[in-house]
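Colleague:
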Amino acid sequence: MTEQDPLAHCTECPRVTFASGAVLSVESTIDPNGMSQVIDQLEALRKSSNRRKRERHSDLKFRFEQLAAYGELEVPREMRKLGPELLEIKTADDRVPFYFLVASNRHVRAARLTHQFEKSTGRTAAGKTPRKHLNLANWIMKGDRDHG
Amino acid sequence: MARTGIAKSSAIDEAVLDAAARLRGRILALMHGAAEKSGCTQQMIADALGVRRGAVNQVFNGRGNITVNTFAEYLGAMGLEADVVLVPLGEISTAMRERRQPEWVAVTRSDSDRVTIHAQRLHILSVSSGDWSVRTREEDPPRHLVAHRSRIIASGQSASEVPEPLKVVTNWRS
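Protein chains in written order, with numbering that gives the first Met the number 0: chain A, 0 to 147; chain X, 0 to 173.
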């Protein structure tokens with residue numbers, strides 16, 4: 000038996016929608032190489048044989064649903080601004096940088112997720128988001144905007 | 000916990016993990032909301048419970064899996080306690096997506112009492128929820144809300160400016 004694909008794929012581009020709600024949809028981005036890192040990263044968590052990783056995926060999924068429904072998270076500190084456009088969803092173990100897209104020719108009102116990383120392997124001593132992840136998020140965001 | 004050796008379906012497993020995540024997220028949101036409303040700082044809660052502030056901080060960061068007792072103790076320190084209702088699996092996500100209240104599943108006497116106090120009408124719906132039929136009851140709005148609205152109107156505010164309390168719609172399985 001083949002597993003059903005739970006991801007909602009865009010019919011016009013390679014992006015997928017992780018959650019859609021009354022306020023916006025939470026989508027993947029496309030980096031300058033045409034790849035969507037966040038899909039692979041979240042799917043790896045979802046399909047992992049490690050239960051803790053699957054729990055982390057469920058934790059993130061719930062935050063995506065909240066963001067889609069309300070445009071914000073119920074616990075405000077779980078969302079943090081990383082830069083002028085870049086924000087971050089924070090769960091106990093994971094970080095997911097994203098940006099808000101006001102409108103494009105295909106998608107209206109969306110939160111676009113750049114990538115996901117684990118907090119324990121991706122934080123500085125001061126608790127800040129490491130520069131490499133900020134740079135990666137900005138690079139993906141720029142590429143995603145170019146894709147429209 | 001004893002295992003039966005029967006493999007869990009991956010779909011069920013994911014749905015249950017999602018439900019657990021929603022419960023964890025909901026508890027975390029309640030704790031933060033309770034702290035904000037009650038004006039309690041993490042230090043005050045730590046002092047009330049006789050634990051380190053760091054331990055309270057860990058709970059408020061959503062780390063670990065707090066016990067029911069711990070949850071009750073933290074709420075108690077803020078002058079609150081939690082109530083629990085059941086909803087069909089996946090209902091919280093659906094309700095959130097549709098921006099409405101989740102439908103309850105009443106399974107105990109106290110659940111049923113809550114929905115029978117002001118009961119007026121009873122419908123039996125053929126909702127596909129397993130082998131159980133789901134009953135829906137529509138009640139008048141709570142009396143205290145109706146009385147509160149009357150008091151506002153009596154104080155001089157126009158009735159059209161004060162919204163009427165909504166009817167309470169509750170589902171339960173029988």
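Using N, Cα and C, we set each Cβ at its ideal position, and we do this for glycine too.
Please report whether the beta-carbon of SER119(A) lies at a distance below 9 Å from any beta-carbon of chain X.
Modeller: SER119(A) does not count as touching chain X.
Colleague: Please list the partners that PHE97(A) has in chain X, where partner means a Cβ-to-Cβ separation under 8 Å.
Modeller: Correct list: empty, because the minimum Cβ distance to chain X is about 18 Å.
Colleague: Would you verify that the beta carbon of ARG130(A) is, or is not, closer than 9 Å to some beta carbon of chain X?
Modeller: Closer than 9 Å: no.
Colleague: PRO83(A) and THR128(A) - do their beta-carbons sit closer together than 9 Å?
Modeller: Against a cut-off of 9 Å, the Cβ pair of PRO83(A) and THR128(A) comes out as no contact.
Colleague: For SER109(X), which of LEU74(X), ASP82(X), LEU29(X) has the nearest alpha-carbon?
Modeller: When only C-alpha atoms are compared, the closest one is ASP82(X).
Colleague: Are the CB atoms of ARG62(A) and ARG53(A) within a distance shorter than 9 Å?
Modeller: No; because the gap between Cβ atoms is not below 9 Å, this pair is not in contact.
Colleague: Please tell me whether GLY61(X) and GLY24(X) are closer than 9 Å, where the distance is taken between their beta carbons.
Modeller: Cβ distance < 9 Å, so GLY61(X) and GLY24(X) count as in contact.
Colleague: Let me check one thing: in DSSP terms, what residues is TYR98(A) bridge-paired to?
Modeller: Answer by DSSP bridge pairing, in chain order: LEU85(A), ARG111(A).
Colleague: What does LYS127(A) touch in chain C if you count any residue whose Cβ is under 7 Å from its own?
Modeller: Here chain C cannot be found, since the structure's protein chains are A and X.
Colleague: Could you tell me which residues DSSP pairs with THR16(A) in its beta bridges?
Modeller: In the DSSP output, where bridge partners are listed per residue, THR16(A) has ALA7(A), GLU26(A).
Colleague: Under 9 Å, Cβ to Cβ, is there at least one residue of chain A near GLU90(X)?
Modeller: No, no contact with chain A.
Colleague: What residues of chain A sit near MET43(X), judged by a beta carbon separation below 7 Å?
Modeller: In chain order: nothing, as chain A lies at least about 18 Å away.
Colleague: May I ask you to report which of helix, strand or coil DSSP gives LYS36(X)?
Modeller: In this structure, LYS36(X) counts as helix in the three-state DSSP scheme.
Colleague: From LEU112(A), ARG50(A), ARG76(A), pick the residue whose C-alpha is nearest to that of LEU85(A); which is it?
Modeller: The candidate whose alpha carbon is nearest that of LEU85(A) is LEU112(A).
Colleague: With the cut-off set at 9 Å, would you say GLU73(A) and GLY155(X) are in Cβ contact?
Modeller: Going by C-beta atoms, GLU73(A) is not nearer than 9 Å to GLY155(X).
Colleague: So what does DSSP say about MET34(A), is it helix, strand or coil?
Modeller: It is coil, neither helix nor strand.
Colleague: Ignore the nearest five residues each way along the sequence and tell me which others in GLN100(X)'s own chain have a CB closer than 7 Å to its CB.
Modeller: Cβ within range, chain order: ALA94.
Colleague: Measuring only the C-alpha atoms, how far is ARG108(A) from VAL22(A)?
Modeller: Rounded to whole angstroms, ARG108(A) to VAL22(A) spans 8 Å at the Cα level.
Colleague: Find the residues of chain X that neighbour VAL74(A), judging by a C-beta separation of less than 7 Å, and give them in chain order.
Modeller: Those are LEU27, ALA28, HIS31, listed as they occur along chain X.
Colleague: In this structure, what does DSSP give as the bridge partners for GLU117(A)?
Modeller: BP columns for GLU117(A) point to ASP93(A).
Colleague: Between which two residues does the beta strand (DSSP E) containing LYS131(A) stretch?
Modeller: Per DSSP, LYS131(A) belongs to no beta strand (DSSP E); it is in the alpha helix (DSSP H), 130–146.
Colleague: Could you check whether the Cβ of GLU13(X) sits closer than 9 Å to any Cβ belonging to chain A?
Modeller: Interface residue, yes.
Colleague: Report back the beta-carbon spacing between HIS114(A) and GLN40(A) to the nearest angstrom; my notes put them in contact at under 8 Å.
Modeller: Rounded, the Cβ-Cβ distance is 6 Å, consistent with contact.
Colleague: Check whether the Cβ of GLY155(X) lies closer than 9 Å to any Cβ atom in chain A.
Modeller: No, GLY155(X) lies away from the interface with chain A (no Cβ there is under 9 Å from its Cβ).
Colleague: What's the gap between the Cα of ALA43(A) and the Cα of ARG21(X)?
Modeller: Taking the straight line from one Cα to the other gives about 20 Å.
Colleague: Beta carbon of ASP153(A), beta carbon of ILE29(A): below 9 Å?
Modeller: Residue 153(A) is absent from the structure shown; chain A starts at 0 and stops at 147.
Colleague: Closer than 7 Å by C-beta to GLY78(X): which residues in its own chain qualify, once you throw out the five before and the five after it? Chain order, please.
Modeller: Taken in chain order, the residues that qualify are SER37.
Colleague: Using DSSP's beta-bridge definition, name the partner residues of VAL104(X).
Modeller: LEU85(X).
Colleague: Skipping 5 residues on each side, what residues in its chain have a beta carbon closer than 8 Å to that of ALA76(X)?
Modeller: Contacts found: CYS39, MET43, ILE44, ALA47, LEU48.
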